[in-house]
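In what follows, a structure is listed as structure tokens, so that the remarks can point back to it.
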Amino acid sequence: MSENQMTEATKTAGAPGEPYRGTTTGTESIVTLSKITKTFFRGSEPIRVLEGLDLDVPNGSFEALMGPSGSGKSTLLNIIAGLDRPTSGAVRVAGADLGPMSDSELARWRSQTIGFVFQSFNLIPVLTAAQNVELPLLLTSLSRADRARHVATAMRIVSLEDRMHHYPRQLSGGQEQRVAIARAIVNDPKIIVADEPTGDLDRKSADDVLTLMERLNKELKKTIFMVTHDPAAAERAGVVRKLDKGALQ
Amino acid sequence: MNLATYARRNLFRRRFRSIMTVLAVTVATVIFCLIRTLVVVWHAGVDEAATDRLATRHKVSFTMELPKHYIDEIRQVPEVKAATWANWFGAKDPKERVPFFAGFAVDSDSWFDVLDEMQVPPDQLAAWKQTPNGVIIGDLLAKALDVQVGSRLVITSDIYPGDWDFKVVGIYKPLRKTADRNSLVLRWDFLNNDPRAGFAKDKIGWLVSRITDSVHSAEISRKIDTRFDQRDDQTLTTSERAFNLSFLGGFSAVLGAFDYGSLIILLIMTLILANAIAMSVRERTHEYGVMRAIGFPPRHILGFILAESVLVALVGGLIGVGVVVLAINNGIGPVLEENMSGFFPYFRAPLWVLGLALGLSGVLGLIAGAIPAWRMSRLSVTDALRRID
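Here the protein sequences come in this chain order: A and B.
All letters in the first sequence, in the order written, are residues 225 to 473 by the working numbering.
All letters in the second sequence, in the order written, are residues -7 to 381 by the working numbering.
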């Protein structure tokens, strides 16, 4: 994420709660999945989680994926994010074919392409908010001063400039999730994947986080792919997909 | 912030556990240094033995004596520059101010020429040659017995009956740190002329020779022993180092056990550390999964865990070395040197032992962290993210 882009986002962000239905009009696909299957084994018994799944996610869209527990939502998210590999099928994300990549190449690709937002925030408790946000930048060649600038901008976008030096235990759940979002965007990823981002939050904090995600999608043109159980959260997305028994409905 | 910040912060995440682990490493380091020091000190006399000195004793046993005239024959060997002799006196302080000290009956004319690591002022040496019941004692022994030059000193012996009334005519000082500062030498002729030593008339315990060529000491030793091959009392001549080693005798086995003991201490330390690191890593599995997800490659996770393990070990090792320097080198050591100089003429942990302890702490820290680090770096990101402790 360029500093100008981030600063612009800070300036033009709409008011929280402003009606927004996500972007759905991307012309090119940023995520293309073809005939994806994923099989796990419980002992020698195969359990097929995804069944020949095809998916196109347009660039710049905000999509929600819903479905009952065990339907394969998180598995699909992990495959899109390059955390897991399909048993068969092709995965193309942000122009890269993930199939032939080694684990190290995938790690490098993730650090440049994907921003993660987890249900339980997953901040490192021994690092301050700013240090948590800086973490992905340690993998880049940015100087200390440049890293500090990026961190300050990301923290400004999530409106937590005044909590830079607080430890996670000193923040509320909503604030922690916003720090996690700052960490997800600080390296300017093309896609943000969010696994139940509001699952551990009260309604008010959840709304704040969803509004923030809307801004990231609208103003910074970030593609967001979100797994959720929460209908209120899904409502904010431009596209809601339903997954059941390993197949998209 | 850099990558080391995270490793450093993890160190005191579970403060009590970390402190206990560091403490365990500290204790192990102190015990290791203590054992190594003990072994080094016991061997110091052997290691620092003069290379140009030979010791000759009875071939059968150290406890058997040799005829006094052997000294004249050894002095005739061309490669022998000087030779002297001694008998064990078995000195004891009847007032028990000193628990143990070595007492020898020696030749006053040649003893300090051959054993030149002990320095006696010339006037005191001259006075000794004029005083048949004169004794010269080490500076630490003089202090412990509270005597000075000119003092009367009554001691007893394990071998010779009765009280032995001596006059302190000299006090020697060591020129080498391993020289025993707690021994006493009396004149052999005084002992030899006393009726209480009649059973050992004209007998000597062992001989010490200074030779011209230390490189050929084995050859010269054989030459000396060959002279007495056909006599009733055959000799065994060895380097001073081998002679000192024979004194250690069965105690060498104890020292060997100590050696193994120090290794076992290190093994225990490694296991304690490995256990603590494994627990920490297990607790942070989910967190490492998050780091892997945001792009940290497996080698970084490996590095974090190894760095933490080495850091804990080095902090413990460093504190342990500090304790050794303070408590042993500047505490117990000087006390032992003053009071048990016969056993420990010099009791300080050498610099190389401290360095070895610190180095081993680091290496064992690396070993202790290796398995948890390797396992964690091999764990798949999704498996790691699934684990919540």
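Note that the Cβ used here is the ideal one computed from N, Cα and C, for glycine as well.
When you compare the CB of residue i with every CB in chain A, is at least one pair closer than 8 Å?
{"i": "methionine -7 of chain B", "result": "yes"}
{"i": "threonine 13 of chain B", "result": "no"}
{"i": "glutamate 279 of chain B", "result": "yes"}
{"i": "valine 9 of chain B", "result": "The amino acid at residue 9 of chain B is misidentified as valine; the sequence shows arginine. Not closer than 8 Å to any Cβ of chain A, the Cβ of arginine 9 of chain B fails to qualify, so no."}
{"i": "valine 313 of chain B", "result": "no"}
{"i": "asparagine 2 of chain B", "result": "yes"}
{"i": "arginine 284 of chain B", "result": "yes"}
{"i": "proline 342 of chain B", "result": "no"}
{"i": "arginine 5 of chain B", "result": "yes"}
{"i": "phenylalanine 288 of chain B", "result": "yes"}
{"i": "threonine 373 of chain B", "result": "Inspection of the sequence shows that residue 373 of chain B is occupied by valine rather than by threonine. Yes, because at least one Cβ of chain A sits closer than 8 Å to the Cβ of valine 373 of chain B."}
{"i": "tyrosine -2 of chain B", "result": "yes"}
Ordered along the chain, which non-local residues of its own chain (more than five positions away) have a Cβ less than 6 Å from that of residue i?
{"i": "alanine 376 of chain B", "result": "Thr277, Tyr280 and Gly281"}
{"i": "glutamate 330 of chain B", "result": "Leu132"}
{"i": "aspartate 280 of chain A", "result": "Ser253 and Thr256"}
{"i": "glycine 423 of chain A", "result": "Gln343"}
Going by DSSP in three states, residue i sits in which element: helix, strand or coil?
{"i": "serine 369 of chain B", "result": "helix"}
{"i": "proline 124 of chain B", "result": "coil"}
{"i": "proline 310 of chain A", "result": "coil"}
{"i": "threonine 29 of chain B", "result": "helix"}
{"i": "glutamate 232 of chain B", "result": "helix"}
{"i": "threonine 452 of chain A", "result": "coil"}
{"i": "lysine 297 of chain A", "result": "helix"}
{"i": "aspartate 280 of chain A", "result": "strand"}
{"i": "proline 326 of chain B", "result": "helix"}
{"i": "arginine 223 of chain B", "result": "coil"}
{"i": "histidine 390 of chain A", "result": "coil"}
{"i": "methionine 110 of chain B", "result": "strand"}
{"i": "isoleucine 151 of chain B", "result": "coil"}
{"i": "methionine 12 of chain B", "result": "helix"}
{"i": "proline 324 of chain A", "result": "coil"}
{"i": "asparagine 382 of chain B", "result": "Since the displayed chain B opens at -7 and closes at 381, residue 382 of chain B lies outside it and no answer follows."}
{"i": "threonine 231 of chain A", "result": "Reliability of the predicted coordinates at threonine 231 of chain A is poor, the pLDDT of 39 falling under 50, and no value is obtained from them."}
{"i": "histidine 50 of chain B", "result": "strand"}
{"i": "glycine 250 of chain A", "result": "Confidence is the limiting factor: at glycine 250 of chain A the pLDDT is only 48, short of 50, which leaves the residue's position unreliable, though a coordinate-based value still follows. In the structure shown, glycine 250 of chain A sits in coil (DSSP, three-state: anything other than H, G, I, E or B)."}
Whose C-beta lies closer than 8 Å to the C-beta of residue i among residues of the same chain, with five residues either side of it excluded?
{"i": "glutamine 140 of chain B", "result": "Ala134, Val160 and Ile163"}
{"i": "lysine 195 of chain B", "result": "Glu57, Leu58, Pro59, Lys60 and Asn79"}
{"i": "threonine 121 of chain B", "result": "The displayed chain sequence assigns lysine, not threonine, to residue 121 of chain B. Correct list, in chain order: Ser100 and Asp101."}
{"i": "arginine 333 of chain A", "result": "Reading off the sequence shown, one finds tryptophan at residue 333 of chain A, where the question assumed arginine. Same-chain partners within the cutoff: Gly306, Ala320, Leu322 and Met325."}
{"i": "arginine 28 of chain B", "result": "Ser254, Ala341, Val345, Leu348 and Ala349"}
In this structure, what does DSSP give as the bridge partners for residue i?
{"i": "leucine 178 of chain B", "result": "B/Ala97 and B/Val127"}
{"i": "aspartate 44 of chain B", "result": "In the DSSP output, where bridge partners are listed per residue, aspartate 44 of chain B has none listed."}
{"i": "glutamate 269 of chain A", "result": "A/Arg266"}
{"i": "methionine 290 of chain A", "result": "A/Lys466"}
{"i": "leucine 58 of chain B", "result": "B/Ile196"}
{"i": "lysine 87 of chain B", "result": "BP columns for lysine 87 of chain B are empty, so no partner."}
If we define contact as Cβ-Cβ less than 8 Å, is residue i a contact residue for chain B?
{"i": "leucine 425 of chain A", "result": "no"}
{"i": "arginine 266 of chain A", "result": "no"}
{"i": "proline 360 of chain A", "result": "yes"}
{"i": "phenylalanine 286 of chain A", "result": "no"}
{"i": "leucine 363 of chain A", "result": "yes"}
{"i": "valine 350 of chain A", "result": "yes"}
{"i": "arginine 272 of chain A", "result": "no"}
{"i": "phenylalanine 340 of chain A", "result": "yes"}
{"i": "leucine 436 of chain A", "result": "no"}
{"i": "threonine 248 of chain A", "result": "For threonine 248 of chain A, the predicted model reports a pLDDT of 45, less than 50, meaning its position is unreliable and no value from the coordinates is stated."}
{"i": "serine 253 of chain A", "result": "no"}
{"i": "leucine 307 of chain A", "result": "yes"}
{"i": "arginine 332 of chain A", "result": "yes"}
{"i": "serine 335 of chain A", "result": "yes"}
{"i": "lysine 466 of chain A", "result": "no"}
{"i": "glutamine 355 of chain A", "result": "yes"}
Residues in the same chain with beta-carbon distance under 7 Å from residue i, minus the five sequence neighbours each way, listed in chain order, please.
{"i": "glutamate 275 of chain A", "result": "Thr261, Gly470 and Ala471"}
{"i": "alanine 195 of chain A", "result": "Absent from the model: residue 195 of chain A. The displayed extent of chain A is 225 to 473, so no value can be given."}
{"i": "alanine 372 of chain A", "result": "none"}
{"i": "arginine 387 of chain A", "result": "Ala353, Leu395 and Gln399"}
Say the cut is 7 Å; is the CB of residue i nearer than that to a heavy atom of the ligand PLP?
{"i": "leucine 117 of chain B", "result": "Although the ligand PLP was asked about, the structure shown includes no ligands whatsoever."}
Is the segment 193 to 203 of chain B close to the segment 66 to 77 of chain B, with three or more CB pairs under 8 Å?
yes
Quick one: any contact between the segment 119 to 133 of chain B and the segment 171 to 183 of chain B, if contact means 3 or more CB pairs under 8 Å?
Counting C-beta pairs closer than 8 Å gives three or more between the segment 119 to 133 of chain B and the segment 171 to 183 of chain B, which meets the contact rule.
Using 8 Å as the Cβ pair cut-off and three pairs as the minimum, do the segment 362 to 369 of chain B and the segment 307 to 320 of chain B touch?
no
Pairs of beta-carbons, one from the segment 10 to 28 of chain B and one from the segment 181 to 193 of chain B, closer than 8 Å: are there three or more?
no
Is it the case that the segment 205 to 217 of chain B contacts the segment 226 to 235 of chain B, given that we only count it when at least three CB pairs across the two stretches are under 8 Å?
yes
For the 8 Å Cβ check, are there 3 or more pairs between the segment 460 to 467 of chain A and the segment 292 to 311 of chain A?
A contact exists between the segment 460 to 467 of chain A and the segment 292 to 311 of chain A.
Report yes or no: do the segment 262 to 272 of chain A and the segment 420 to 439 of chain A share at least 3 C-beta pairs separated by less than 8 Å?
Contact between the segment 262 to 272 of chain A and the segment 420 to 439 of chain A is absent, because fewer than three Cβ pairs lie under 8 Å.
Would you check if there are 3 or more beta carbon pairs closer than 8 Å linking the segment 352 to 367 of chain A to the segment 401 to 417 of chain A?
yes
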